[in-house]
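For reference, the structure is listed below as C-alpha cells.
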Amino acid sequence: MRFRHLIHVVGIILIALAAGLLLTTAVAWLYGGPDVWAFAGSTVGTAVVGLVAFKTTGLERDLTVREGYAVVSMAWVAVGVAGAVPYLLAGVISSPVAAFFESVSGFTTTGATVFSEIETLPRGVLLWRALTQWFGGMGIIVLGIAILPFLGVGGMQLFRAEVPGPKPERLAPRIRQTATLLWYVYGGLTAVQAILYLVGGLSLFEAVTHAFTTLSTGGFSPRNASIAAYDSPFVHYVTILFMYLAGVNFTLHFQALNRRPGYWKDSEWKFFTFVVLMATLIMVALNLARSDYAGLGFEPALRDSLFQVVSISTTTGFVSADYEKWTVGAQFLLLMLMFMGGMAGSTAGGMKAMRIYVLFRQGLAELKRSLHPQAVLPTWLGKKVVRDATLLRIMAFALFFIGLFVGGAFVMTLLGHDLVTAVGASAASIGNIGPGLGDVGAVDNFGWMGPVSHLVLIFLMLAGRLEIFTVLVLFHPDLWRRYGRKSRARGDAARQVRQAEFKDKRIRLTPPGRET
Amino acid sequence: MKIVVVGAGAVGFHLAERLSEEGQDVVVVEHDPQRAEKIGDQLDVLAIAGNGASVPVLEEAGTKDAALFLAVTNRDEVNIIACLAASMMGAANTVARLSDPEFYAEGSVLSRERLGIELMINPEREAAWETYQLLGSEAATELVRFAEGRVQLIGLRVLPEAPVVGQNLAELDRELSDLHFTTVAISRDGETEIPTGASRFEAGDHAFLISPSSEVHKIPPLAGYEPYRLRRVMVAGGSRESVYLAEYLARNGVACTIIDKDRARCRELSEQLPDALVLHGDATDLELLEMEGVSDVDGFVAFTDRDSTNMLSSLLAKACGARKVISLLHNFQYIPLVTRVGIDAAVSPRLSAVNTILRYLHHGNVARVVTLKGIDAEAVEVRIGPTASVLGKPLRKIDFPEGGLVGSIIRDGEVINPRGDDAVQEDDRVILFALPHIMPKLERMFA
Numbered sequence: 053m054r055f056r057h058l059i060h061v062v063g064i065i066l067i068a069l070a071a072g073l074l075l076t077t078a079v080a081w082l083y084g085g086p087d088v089w090a091f092a093g094s095t096v097g098t099a100v101v102g103l104v105a106f107k108t109t110g111l112e113r114d115l116t117v118r119e120g121y122a123v124v125s126m127a128w129v130a131v132g133v134a135g136a137v138p139y140l141l142a143g144v145i146s147s148p149v150a151a152f153f154e155s156v157s158g159f160t161t162t163g164a165t166v167f168s169e170i171e172t173l174p175r176g177v178l179l180w181r182a183l184t185q186w187f188g189g190m191g192i193i194v195l196g197i198a199i200l201p202f203l204g205v206g207g208m209q210l211f212r213a214e215v216p217g218p219k220p221e222r223l224a225p226r227i228r229q230t231a232t233l234l235w236y237v238y239g240g241l242t243a244v245q246a247i248l249y250l251v252g253g254l255s256l257f258e259a260v261t262h263a264f265t266t267l268s269t270g271g272f273s274p275r276n277a278s279i280a281a282y283d284s285p286f287v288h289y290v291t292i293l294f295m296y297l298a299g300v301n302f303t304l305h306f307q308a309l310n311r312r313p314g315y316w317k318d319s320e321w322k323f324f325t326f327v328v329l330m331a332t333l334i335m336v337a338l339n340l341a342r343s344d345y346a347g348l349g350f351e352p353a354l355r356d357s358l359f360q361v362v363s364i365s366t367t368t369g370f371v372s373a374d375y376e377k378w379t380v381g382a383q384f385l386l387l388m389l390m391f392m393g394g395m396a397g398s399t400a401g402g403m404k405a406m407r408i409y410v411l412f413r414q415g416l417a418e419l420k421r422s423l424h425p426q427a428v429l430p431t432w433l434g435k436k437v438v439r440d441a442t443l444l445r446i447m448a449f450a451l452f453f454i455g456l457f458v459g460g461a462f463v464m465t466l467l468g469h470d471l472v473t474a475v476g477a478s479a480a481s482i483g484n485i486g487p488g489l490g491d492v493g494a495v496d497n498f499g500w501m502g503p504v505s506h507l508v509l510i511f512l513m514l515a516g517r518l519e520i521f522t523v524l525v526l527f528h529p530d531l532w533r534r535y536g537r538k539s540r541a542r543g544d545a546a547r548q549v550r551q552a553e554f555k556d557k558r559i560r561l562t563p564p565g566r567e568t
Numbered sequence: 004m005k006i007v008v009v010g011a012g013a014v015g016f017h018l019a020e021r022l023s024e025e026g027q028d029v030v031v032v033e034h035d036p037q038r039a040e041k042i043g044d045q046l047d048v049l050a051i052a053g054n055g056a057s058v059p060v061l062e063e064a065g066t067k068d069a070a071l072f073l074a075v076t077n078r079d080e081v082n083i084i085a086c087l088a089a090s091m092m093g094a095a096n097t098v099a100r101l102s103d104p105e106f107y108a109e110g111s112v113l114s115r116e117r118l119g120i121e122l123m124i125n126p127e128r129e130a131a132w133e134t135y136q137l138l139g140s141e142a143a144t145e146l147v148r149f150a151e152g153r154v155q156l157i158g159l160r161v162l163p164e165a166p167v168v169g170q171n172l173a174e175l176d177r178e179l180s181d182l183h184f185t186t187v188a189i190s191r192d193g194e195t196e197i198p199t200g201a202s203r204f205e206a207g208d209h210a211f212l213i214s215p216s217s218e219v220h221k222i223p224p225l226a227g228y229e230p231y232r233l234r235r236v237m238v239a240g241g242s243r244e245s246v247y248l249a250e251y252l253a254r255n256g257v258a259c260t261i262i263d264k265d266r267a268r269c270r271e272l273s274e275q276l277p278d279a280l281v282l283h284g285d286a287t288d289l290e291l292l293e294m295e296g297v298s299d300v301d302g303f304v305a306f307t308d309r310d311s312t313n314m315l316s317s318l319l320a321k322a323c324g325a326r327k328v329i330s331l332l333h334n335f336q337y338i339p340l341v342t343r344v345g346i347d348a349a350v351s352p353r354l355s356a357v358n359t360i361l362r363y364l365h366h367g368n369v370a371r372v373v374t375l376k377g378i379d380a381e382a383v384e385v386r387i388g389p390t391a392s393v394l395g396k397p398l399r400k401i402d403f404p405e406g407g408l409v410g411s412i413i414r415d416g417e418v419i420n421p422r423g424d425d426a427v428q429e430d431d432r433v434i435l436f437a438l439p440h441i442m443p444k445l446e447r448m449f450a
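Chains as they are written, first to last, in this note's numbering: chain D, 53 to 568; chain X, 4 to 450.
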C-alpha cells in the first residue's frame, strides 16, 4: 500500500469535482444568487487541494487490489468533505457534521436532507445538491475513469469497487470504453427526462435538477413537498417511468439502445419487475380499503401506490403522498422493499434484486438438498449457473448488510431515538433511500438529529453505496499489513522467540527431578 | 469389394469380422501393434499397425481404391482426419463414427455435407435412443422398427403367470385371431428356434414377435406383464449416453435422476441438464439407491463406463424393486447373459454402431439388417425384385429352408400378417427371420 498512490488518485477526483463546482458557480452567477462567492471559493479551494495532491505525488505502477479498495473509500470521503464546504460557506448549514451529512447523502444518492425549508435556498445550493447526486449515481470514480483518461487512472479494481452489483459486466473490451458508454446512456436518459418535464410544464431549473436526482435514484428535490408539489399526473408518471429505468441494469438499456433489447431474457429484470408489480398490486388493494382514497377513485390510488413502490424499491426516495398516513401494513411493505433495492448495474441502492433472487434460489436448492443429501444442485440465475465463489460472496454480503442495518438501528436506539425512527433511519441510510419511517418519514427531515447520529448514518450511507465490502475491507488488518522481506524477517524472529519461550515453559512444567 | 476399417476396437473388430465373413476384402488399420497383430491372427483380414490419421499409413492400406472407408476409432478427430484424407485419396464412400453432438447440430460449420462424409454415426446417441424406446414398453428386451415404423419387432421374456404358457402357436393363432402378430423366434436355454405351428411357449422363454406398430402394446399382457406408464427413471453413471437419455426423458416429461461418482462430472451434468436431479455417489451404493427411492422407479438404467458396475447396479436395482432395468454393455459378448440373470434388457452403443453400418452396406434390395441381441438370429427387410424365385407363389408352397420364415409383408403401405395362402408380389417388402447361416440363402430367394 503506497499512500502516494492513494493521494494521487484522490487528487484527480477532486480536480474533476472542481469542474462540477465551477459549473455550479456559473449557474449561481447567472441567477445572481448570494451564494456565488461560496461556490467560487469552494471551486478554487478544491482545485488547489486537488492539484497539490496530484502534482506532489505520482503513480509508479498500476494500483494494486488493496490500493483500489482504499482509494475508492478515501475518494468518497474526500469528495464528501469537499462537497460540504459550499453549504458552510454559503451559510445555509452551520454545523460542519450536518453539512458533511448533506453532502454524503447527496453523493451516495441517499436523498436524506437536513433542510426543513428547501424552497428559500439559493439556486446554486439547490443545483449543487442535485449535481452531487447525479455525480454519485453512476459513480465518481467511474466518472473519473471516463472523462479523465489522460490522467492515466484505470483498472478493474476501481471499477469493481464502485459499480453496484455482484459482478460488473463489461460493455466493451476496455474498462474506459465501458465507463464512457455507461455515462452516455446515463446522460442521454437524463436529457430525455428533463425534456419531458419541460413538456409537463416545469421550469428549466426544476426539470434539470429533478432529472439529475431521478436518474441517480437520489431523491433530492428543490421543492419542500418533493414531487407532490406538482399536481400533474403526467409529471408523476414521467417520474415513475424514469425512477424505474434508473433501477434497471444500465447494460440492458445499452443493449436496447443498440437495438438488441434483452429485457425479457434477463431473469433479474423479470424478478425485479415482478416484485414491483406485485407490491403495487398489494399497495393498491391496501389503499383502496382506506377512506381517503375511497372518494377519489381508482386512478389516484394506483398512481400514488405505484409511485411510492417504485420510488422506494429503486431507492430514489421521492414522495407523491405522505405514506406515513397509510396503514402499518403498507408502511411495512415499503420497509421490505427498501432491502431489495434495484437491479445490479443500476444506480439504485439496497441489496440488489439479483442478490435477493440468487439467495432465494439457493434457499430452494437447500430445501431440495434436505430431501436428496447427495444431490449436486447448481444455483440458477436464468440460464446461467452462479459460481460457488459468487454465491458465497453474496451470502457474506447479505450477512454484512443485515448486520450493519441491525447494528446501525441498535446504535440509533442507544442515541435515544424511538424504535420506528431508528429502524427506518438505518434502513433508509444503508439502502440509500432517503426518507425513512417515524420521525424521519416522508415529510420529515434529518436536521434535528445530533452530530453522532449523523456520523452513524453517514457511515451506513457510504457502506451501502460502496456495497459493504469496499468499506468494511478498510477495517481488515491485512489491508494495512506490510508483506515485505523486512516484515517476514521480523516475523521469523518473533516466531523463534515464541518457540524458545514455549520450550522453556515446557521444561519448567516438567516436575522437578524428572528432567531427562 | 475392398473395405478399409480404421480402428480395431470393439466396433472395428466386429465390423471386420462380419465383412470378411461376407467375403469382402478387409484391411484394418490399428494404432496399437499388439491389437493389430491379434486381429490379423483371428480374422481373415489384412491388419496394418499405424495411425489411422496418417497419410502414408492410409496409402499402405490401399485407401485409394477402397470402395468403402470406415473410420470407427473412439476419437472423433482421428475419424474426421482419416475420412478427409481417404476421400481426397479416392476412397468411394466414407463412414465416420463421431460422438460429439456438435457435428450433428443444424447449421454446424463442420456438418456432414461440408466434411464430405457419407455417413456419420453416433453410437452413444443411438444407444440412448434405443434405451428410451425400451423404457417406453413394460416388457421389451428389444424393439426394432421396420418399414418406416409401420411394423415393429418386440422381444420379451414370457413370465410364469402368462396366459400363453403351455400353448402352441397354432392354438394361439385360432384363439387370438383378432390380434395380428407373428412369433418369429423363441430362445430357450441358449437355443434359438425359428418356430412352427407346433412350437410351445414356456415360462422363461425369450420370445420375439412381429406386429403392426399400432398393436405392439397388446403383446406384453399376453406374456404376463401389467401395463405401466413411464414417470420416473434413475440413471447410474453420467456418461455421454446418460446425457442423451436425460434429454429424451426431459423432453417427454419423465423425471430423471442421475448418479455419478465424480464430483466435477456431477457439476457439469447438473449445469447441462437443468431438469434432471444429479446425485454425487456410487451407483452400487445400496443405501443411496434406497434413499433415492429406487424401489419406486419405473425404469433403472445403468450407463457407467464399466460393464461390471452396470451389471451389479442393475441387479441391485432389480432386487430393490425397480420395474424395468436396462444395462449398458460395452463388451457385447456379455449380452446373452443379461436377460438370463434377471436384467430386463441390454443396450450396446458399439453394437448399435455395427448395425447402423451394416444396414448402410446392404443397400439395394435389402433395406435393413438387424442382429438380434441375446439370441442367434437375424432380421432382414427385403424388397421383392422382379426376378425373385418366390414371386406369386403362396407361402405354403415355398420350400422354406429350416430355420427361416416370413415375419411380415408390407404392400402399398398395408401390413399383412402372412398366412399360408398369402403370396408375395413384386415391390412388396418382406421381413425375414432366420438363423444367421440360413439368411444368405433366404435373401437370395426373395431379393
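Beta carbons are placed, not taken as given, at the ideal position from N, Cα and C, and that holds for glycine.
So if DSSP puts residue i in a beta bridge, which residue, or which two residues, is it bridged to?
{"i": "residue 235 of chain X", "result": "X:258"}
{"i": "residue 155 of chain X", "result": "X:148, X:214"}
{"i": "residue 123 of chain X", "result": "X:99"}
{"i": "residue 432 of chain D", "result": "D:437"}
{"i": "residue 302 of chain X", "result": "X:236, X:327"}
Do residue j and residue i count as a contact pair if the criterion is CB distance below 7 Å?
{"i": "residue 472 of chain D", "j": "residue 489 of chain D", "result": "yes"}
{"i": "residue 349 of chain X", "j": "residue 332 of chain X", "result": "yes"}
{"i": "residue 437 of chain X", "j": "residue 397 of chain X", "result": "no"}
{"i": "residue 335 of chain X", "j": "residue 244 of chain X", "result": "no"}
{"i": "residue 273 of chain X", "j": "residue 274 of chain D", "result": "no"}
{"i": "residue 133 of chain D", "j": "residue 177 of chain D", "result": "no"}
{"i": "residue 161 of chain X", "j": "residue 206 of chain X", "result": "yes"}
{"i": "residue 237 of chain X", "j": "residue 303 of chain X", "result": "yes"}
{"i": "residue 99 of chain X", "j": "residue 66 of chain X", "result": "no"}
{"i": "residue 168 of chain D", "j": "residue 434 of chain D", "result": "no"}
Just mark residue i as buried or exposed, buried being the case when its beta carbon has 16 or more other beta carbons within 10 Å.
{"i": "residue 189 of chain X", "result": "buried"}
{"i": "residue 277 of chain X", "result": "exposed"}
{"i": "residue 45 of chain X", "result": "exposed"}
{"i": "residue 418 of chain D", "result": "exposed"}
{"i": "residue 175 of chain D", "result": "buried"}
{"i": "residue 222 of chain X", "result": "buried"}
{"i": "residue 548 of chain D", "result": "exposed"}
{"i": "residue 109 of chain X", "result": "exposed"}
When the Cα of residue i is compared with those of the options, which residue comes out closest?
{"i": "residue 158 of chain D", "options": "D:521, D:486, D:235", "result": "D:486"}
{"i": "residue 103 of chain X", "options": "X:93, X:123, X:91, X:117", "result": "X:123"}
{"i": "residue 387 of chain D", "options": "D:359, D:365, D:395, D:372", "result": "D:365"}
{"i": "residue 506 of chain D", "options": "D:123, D:151, D:90", "result": "D:151"}
{"i": "residue 3 of chain X", "options": "X:48, X:270, X:56, X:405", "result": "Absent from the structure is residue 3 of chain X, since the part of chain X shown begins at 4 and ends at 450."}
{"i": "residue 405 of chain X", "options": "X:384, X:337, X:264, X:198", "result": "X:198"}
{"i": "residue 165 of chain D", "options": "D:296, D:252, D:370, D:528", "result": "D:370"}
{"i": "residue 261 of chain X", "options": "X:270, X:254, X:255", "result": "X:270"}
{"i": "residue 390 of chain X", "options": "X:448, X:444, X:363, X:361", "result": "X:448"}
{"i": "residue 428 of chain X", "options": "X:265, X:303, X:445, X:393", "result": "X:393"}
Since residue i is in the alpha helix (DSSP H), which residue starts that stretch and which ends it?
{"i": "residue 617 of chain D", "result": "Outside the shown range of chain D, which is 53 to 568, sits residue 617 of chain D, and nothing can be said about it."}
If you follow the beta strand (DSSP E) that residue i is part of, which residue opens it and which one closes it?
{"i": "residue 26 of chain X", "result": "Neither: residue 26 of chain X is in no beta strand (DSSP E) and is coded neither H nor E."}
{"i": "residue 280 of chain X", "result": "280-283"}
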